[in-house]
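A.B. asks: Mapping the sequence shown onto this note's numbering, position 6 (from 1) lands on 48, and the numbers just tick up by one.
We put the CB at the ideal spot given by N, CA and C, even for glycine.
Take a look at the following structure, please.
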Amino acid sequence: MTQKSSAEIAKEVTQLIIEKLNITHVTPEQVNIETPLFSKDNELELDSIDAIEIVVALQQSYGVRINDELPTREILNSIQSIVDFLVKEGATEKVM
43 MTQKSSAEIA KEVTQLIIEK LNITHVTPEQ VNIETPLFSK DNELELDSID AIEIVVALQQ
103 SYGVRINDEL PTREILNSIQ SIVDFLVKEG ATEKVM
């Protein structure tokens with residue numbers, strides 16, 4: 043099995059967010075992975091309720107635990123910060 047690149051993981055995470063939140067107005071290719079997820083400049087147009095759904099989707103899909111002991115706000119800052127967290131946790135492969 044080959045190691046996924048950061049770009050591949052970013053595309054996968056972006057697609058996961060788009061699918062789980064039923065976002066239909068953008069494609070993964072249109073999303074800037076560096077833009078803060080909850081800013082007015084983000085293509086996904088997310089709000090604080092979406093953060094909970096993203097955490098649940100990441101936990102279910104990658105088998106990671108995101109809890110009160112982790113800096114959730116920093117992890118969910120952008121697609122890139124989520125990718126960095128997954129790589130750090132060694133959770134770059136989907137479990138389901």
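For Ala-52, count the other beta carbons within 10 Å of its own beta carbon; 16 or more makes it buried, fewer makes it exposed. Which is it?
C.D. replies: Walking along the sequence shown from the start, residue 52 turns up at place 10. With 16 or more other Cβ atoms within 10 Å, it is buried.
A.B. asks: Closer than 8 Å by C-beta to Ser-120: which residues in its own chain qualify, once you throw out the five before and the five after it? Chain order, please.
C.D. replies: The residue given as residue 120 occupies position 78 in the sequence shown. Excluding residues within five positions, the ones whose Cβ falls inside 8 Å are Ile-75, Glu-76, Thr-77, Pro-78, Leu-79.
A.B. asks: Using only alpha-carbon positions, find the residue among Gln-101, Val-129, Ile-59, Val-137 that is nearest to Leu-88.
C.D. replies: On the sequence shown, position 46 is the one that residue 88 refers to. For the residues Gln-101, Val-129, Ile-59, Val-137, the minimum Cα distance to Leu-88 belongs to Ile-59.
A.B. asks: Answer yes or no: do Asp-83 and Leu-63 have a C-beta to C-beta separation smaller than 8 Å?
C.D. replies: On the sequence shown, position 41 is the one that residue 83 refers to. On the sequence shown, position 21 is the one that residue 63 refers to. Not in contact: Asp-83 and Leu-63 (Cβ atoms no closer than 8 Å).
A.B. asks: What residue does the alpha helix (DSSP H) around Glu-61 start on, and which one ends it?
C.D. replies: Position 19 of the sequence shown, counted from the first residue, corresponds to residue 61. Where Glu-61 is concerned, the enclosing alpha helix (DSSP H) stretches over 48-62.
A.B. asks: Return the residue from the list His-67, Ser-48, Glu-61 that minimises the CA-CA distance to Glu-95.
C.D. replies: For the purposes of this step, residue 95 is taken as residue 53 along the sequence shown, with counting starting at 1. The option with the nearest alpha carbon to Glu-95 is Glu-61.
A.B. asks: The alpha helix (DSSP H) with Phe-80 in it runs from where to where?
C.D. replies: Reading the sequence shown from its first residue, position 38 is the one you call residue 80. No alpha helix (DSSP H) holds Phe-80; DSSP gives it neither H nor E.
A.B. asks: Could you check where the alpha helix (DSSP H) with Val-129 kicks off and where it finishes?
C.D. replies: What you label residue 129 is simply residue 87 of the sequence shown in a count that begins at 1. Its alpha helix (DSSP H) spans residues 121-131.
A.B. asks: For Val-97, does the three-state DSSP call read helix, strand or coil?
C.D. replies: Taking the first residue of the sequence shown as position 1, residue 97 is located at position 55. Helix.
A.B. asks: For Gly-105, I'd like the list of residues in its chain whose CB is within less than 7 Å of its CB, leaving aside the five on either flank, ordered along the chain.
C.D. replies: In the sequence shown, residue 105 corresponds to position 63, counting from 1. Closer than 7 Å at Cβ, skipping near neighbours: Ala-133, Val-137.
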